[in-house]
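Notes for the one structure printed next.
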Amino acid sequence: MQALVLGTAQWGDPYGVTNALGRLDDEQIQGIARVALEQGIREIDTAAGYGDAESRIAPWAASFGITTKVKGQDELSVGDQLSRSLESLGLEAVRVCLIHDWSALSDEAARTAARGLTDLKAHGIVEKIGISGYDSADLARAIAMFSEVDCVQVPVNLLDRRLDGTKEVAHLHEQGCEVQARSVFLQGLLAAPSTTHIGQHPDVVRFHEGCAQEQVSPLQVALQFVRELTWVDHVVVGATSGKELKEVCLAWGAVEQVDLRMIEQSKDLNLIDPRNWAAFPKGDAK
Numbered sequence: 047m048q049a050l051v052l053g054t055a056q057w058g059d060p061y062g063v064t065n066a067l068g069r070l071d072d073e074q075i076q077g078i079a080r081v082a083l084e085q086g087i088r089e090i091d092t093a094a095g096y097g098d099a100e101s102r103i104a105p106w107a108a109s110f111g112i113t114t115k116v117k118g119q120d121e122l123s124v125g126d127q128l129s130r131s132l133e134s135l136g137l138e139a140v141r142v143c144l145i146h147d148w149s150a151l152s153d154e155a156a157r158t159a160a161r162g163l164t165d166l167k168a169h170g171i172v173e174k175i176g177i178s179g180y181d182s183a184d185l186a187r188a189i190a191m192f193s194e195v196d197c198v199q200v201p202v203n204l205l206d207r208r209l210d211g212t213k214e215v216a217h218l219h220e221q222g223c224e225v226q227a228r229s230v231f232l233q234g235l236l237a238a239p240s241t242t243h244i245g246q247h248p249d250v251v252r253f254h255e256g257c258a259q260e261q262v263s264p265l266q267v268a269l270q271f272v273r274e275l276t277w278v279d280h281v282v283v284g285a286t287s288g289k290e291l292k293e294v295c296l297a298w299g300a301v302e303q304v305d306l307r308m309i310e311q312s313k314d315l316n317l318i319d320p321r322n323w324a325a326f327p328k329g330d331a332k
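Residue numbers for the sequence shown follow the numbering used here, beginning at 47 and rising by one.
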């Protein structure tokens, strides 16, 4: 059964193109953590690369299963990186550890990182290991370089369906690999209309116009799409307040079904892959 995972990128950095609040303060984080527990969320996604997010999770870390990430290209080994993360989190082990920069690594660095995580798993410091990737090529390389891929985290949303139906996803799903879906709101662009330049992309505007015409919540439509993907196990969602997270949880539990055929996927990689967002002007559209 699918479950929500609380994303924490905003806990340490001003993450998200639609995030007007920037790095969250202590009161906002306390409200989010409280709502997460009240709503039955028992998983948290974080990374050493998210500023000081791991240390800010520490007061609640024991109440959640933790997914964190290390880099394959770093002056420290993946083992030393995970040790630092465990110290920040106040834990002795985590449920999942992924290689954060997998798509940017050379084959040699990728193999070294994969071996390092495999050793950590053998020592019981982490239960599941894998990669945070972007496309089927990343998944194919993980399948080739890990003796066993326990978990992958990939972007998927109504506009970005590149992985749906691929042989790599089918293989991982059949092998029992846990698949975590991230970017389900495309950094907030699908959760609500945005005045940013990238929020004015025709494909984003078309999505919101379709939701308005059908009188349905964009939040609910975005979540319904990933709920219907049988190969997705966990869905990572971020929030900038407890109120916002509760709205996400309510939309997640909604029973109303929307005809998703009205929404076309995007073919524009400059939109659906945030690594390409430098192609768009900064700030609000005028």
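Cβ coordinates follow ideal geometry from the N, Cα and C atoms, glycine included.
Buried or exposed by the 16-neighbour rule on C-beta atoms within 10 Å, applied to residue i
| i | result |
| --- | --- |
| HIS169 | exposed |
| LYS289 | exposed |
| GLN56 | buried |
| ASP196 | buried |
| VAL281 | buried |
| GLN303 | exposed |
| ARG187 | buried |
| GLY77 | buried |
| PHE54 | In the sequence as presented, Phe is not what sits at residue 54; that position holds Thr. Flag for THR54 reads buried. |
| LYS115 | buried |
| THR113 | buried |
| GLY86 | exposed |
| GLU84 | exposed |
| GLN311 | exposed |
| LYS117 | buried |
| THR286 | buried |
| GLY58 | buried |
| GLU194 | exposed |
| ALA258 | exposed |
| VAL251 | exposed |
| ALA156 | buried |
| ALA79 | buried |
| THR241 | exposed |
Proximity of residue i and residue j at Cβ, strictly below 8 Å
| i | j | result |
| --- | --- | --- |
| GLN199 | LEU151 | no |
| GLU89 | LEU144 | no |
| LEU3 | ILE103 | Lying before the first or after the last residue shown, residue 3 is absent from the chain, which here runs from 47 to 332. |
| ALA227 | PHE192 | no |
| LEU235 | GLY222 | no |
| LEU269 | VAL225 | no |
| LEU137 | ALA107 | yes |
| ALA253 | LEU209 | First, the amino acid is wrong: residue 253 is Phe here, not Ala. No, the pair does not count as a contact, with Cβ atoms beyond the cut-off. |
| VAL140 | LEU132 | yes |
| PHE271 | LEU306 | yes |
| LEU315 | VAL81 | no |
| ASP184 | SER149 | yes |
| ALA166 | LEU128 | The amino acid at residue 166 is misidentified as Ala; the sequence shows Leu. For LEU166 and LEU128, yes; Cβs fall inside 8 Å. |
| GLN48 | ARG273 | yes |
| HIS146 | GLY211 | no |
| VAL142 | GLU100 | no |
| VAL283 | LEU122 | no |
| PRO320 | GLN261 | no |
The alpha helix (DSSP H) enclosing residue i, as first and last residue numbers
| i | result |
| --- | --- |
| LEU209 | Here LEU209 belongs to no alpha helix (DSSP H), and DSSP marks it neither H nor E. |
| ALA79 | 72–84 |
| GLY334 | Since the first residue shown for the chain is 47 and the last is 332, residue 334 is missing from the structure and cannot be characterised. |
| LEU317 | 315–318 |
First through last residue of the beta strand (DSSP E) which encompasses residue i
| i | result |
| --- | --- |
| ASP59 | Taken as a continuous stretch (DSSP letters only), ASP59 belongs to no beta strand (DSSP E), as it is neither H nor E. |
| LEU144 | 140–145 |
| VAL283 | 280–283 |
Counting pairs of Cβ atoms below 8 Å between the segment 290–305 and the segment 258–276, do you hit three or more? yes
What alpha helix (DSSP H) runs, 4 residues minimum, are completely inside the segment 159–193? 182–191
Below 8 Å, how does it come out for the segment 171–187 and the segment 199–212: are there three or more Cβ pairs, yes or no? yes
Taking contact to mean 3 or more Cβ pairs, one atom from each stretch, closer than 8 Å, check whether the segment 274–294 and the segment 209–221 are in contact. yes
At which residue ranges does the segment 192–275 contain complete beta strand (DSSP E) runs of 3 or more residues, listed in the order of the chain? 197–201 and 224–228
Please give the ranges of any alpha helix (DSSP H) in the segment 89–127, keeping only runs that are unbroken, at least 4 residues long and fully inside the region. 99–103
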